[in-house]
Amino acid sequence: LRDTASLTTGPRQQPNGYRAVIHEYLPLVDAMETAMRRAGYRPQELKLVSVFTQSPLGFRRYWHRDSKEDENQDDILVLCYLQDTQEENGALIIGTRGDERFNAAANDYVVGPIEGERVVPSTLGDMILIKPQQPHCAARNSTTEVRLLVRLWITLKTN
């Protein structure tokens, strides 16, 4: 998805901040689904499309999971950041699934860092796939730019 920038107009400054209107990202959603199919995934149902913004000079997002360990086993989250991301501008941070420290942090919505966490940097157009049960959070966006993320929640065909 290296031409991601051409698929969306991106955020536009509004008097009260930035707006993220989902219909503006539908060409990107189509490109993400096509890329998944080319990689051998078999999307069955698109459950949710979300556009997340992370404010400039904001806070670290708390540890959480998007699904309980025993739910949505055939689902996957597909993340596509609309700019290069690293720890300084709010990159994804993951913990080891099954590690009780991360499970407890996700259950209690802990904000602080945990030893062993891993920052997942990305380049514009990268797609990051994680299970909804994966403990994760986002680093603090310490820059003066909004960080944008398009997330798809997809059920995969299993047979």
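Be aware that the sequence shown starts at 1463, since it is given in our numbering, and climbs by one per residue. Note that the Cβ used here is the ideal one computed from N, Cα and C, for glycine as well. Just so you know, these numbers come straight off a predicted model, no measurement behind them.
{"Query": "According to DSSP, residues forming a beta bridge with Y1543", "Result": "L1611"}
{"Query": "Any beta strand (DSSP E) of 3 or more consecutive residues that is wholly inside the region 1567-1594", "Result": "1580-1582, 1590-1592"}
{"Query": "Segment limits, beta strand (DSSP E) that includes L1508", "Result": "1505-1516"}
{"Query": "Minimum Cβ-Cβ distance from R1609 to chain C less than 8 Å", "Result": "No chain C is part of this structure, which consists of one protein chain only."}
{"Query": "Pick from V1572, L1490, I1616 that is closest to L1544, judged by C-alpha positions", "Result": "L1490"}
{"Query": "Which listed residue (N1565, L1611, P1597, R1580) has its alpha carbon closest to that of L1586", "Result": "L1611"}
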